[in-house]
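In the working numbering, the protein residues as written are 54 to 226.
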Amino acid sequence: MPRARAQDVLLIAKSTKKTIDLFRAGASLEKRTGYVIDILVSKATADRLELSQALLLASKAAATGANRSFRSATSRAYYSMYHALRATAFFSYQGDDHEEHSKLPSGIPADFANRQHWENDLKNARYERNRADYDPYPKNDLMFRSTAEQLIQKAEELFPIVRAYLQKKGCRL
């Protein structure tokens, strides 16, 4: 028969109803899935990184296809960067506290390689995505060509850095 340690009972004794309900939900989730929470966090991180890669491929296709759209390529490249860095912040902070586009740059972990560089690149990529998605000007899609190409290159550079960082931190990718 399992034995409760005093510190564990004290944790429950000092918890609010909401906290105890969250403990129950976590235990239920682990029982239902057969995975501990840490493995589920790694899986969610890996899935977001997979989405990042899919968006990078979509960006490249939009920039090179017969029906190319540099506006779309710009947007998809930003989202590739966004999801790669969102995966990083999610795993580092063990929660999706930096999901908002405006909050994500500050959620890049302090020990992430060239953190300030990537924070600035993400902010710039978001600015360009907003221009591509919301502004009617310039009307000529070719005006977004260099922006799309630059963001695709940035997303390609970012992916292996994110992957290496997450693996170093213990994420099972």
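The C-beta atom is built at its ideal place from N, Cα and C for all residues, glycine as well.
Looking only at Thr127, Lys96, Ala66, Lys113, the smallest Cα-Cα distance to aspartate 194 is reached by Thr127. Along the stretch 107-175, the alpha helix (DSSP H) occurs as fully enclosed runs of 4 or more residues at 123-146, 157-160, listed in sequence order.
Rounded to whole angstroms, the gap between the alpha carbons of lysine 156 and arginine 101 is 17 Å. Nearest Cα to alanine 178 within the set Arg77, Tyr190, Phe165, Leu211: Leu211. A Cβ-Cβ contact shorter than 9 Å links serine 145 with phenylalanine 165.
Around the CB of alanine 66, fewer than 16 other CB atoms lie within 10 Å, so the residue is classed as exposed. For the pair leucine 109 and lysine 222, the Cα-to-Cα distance works out to about 24 Å. Take the alpha-carbon of lysine 207 and the one of arginine 225: they are about 24 Å apart. Take alanine 140, set aside five residues on each side of it, and the residues of its chain with a beta-carbon closer than 6 Å to its own are Thr98, Arg101, Leu102, in chain order. Under the three-state reduction of DSSP, lysine 84 is assigned to helix. When the beta-carbon positions are compared, isoleucine 161 and glutamate 153 stay at least 9 Å from each other. If the five residues before and after valine 89 are omitted, its C-beta is found closer than 6 Å to the C-beta atoms of Glu83, all from its own chain and listed in chain order. Counting along the chain, the unbroken alpha helix (DSSP H) around aspartate 61 starts and ends at 59-66.
Judged by DSSP secondary structure, tyrosine 218 falls within the alpha helix (DSSP H) whose first and last residues are 198-221. Contact check for alanine 201 against serine 112 passes: the beta carbons are separated by less than 9 Å. Check the Cα spacing between isoleucine 205 and each of Ala116, Asp149, Ala163, Arg58: the tightest is with Ala116.
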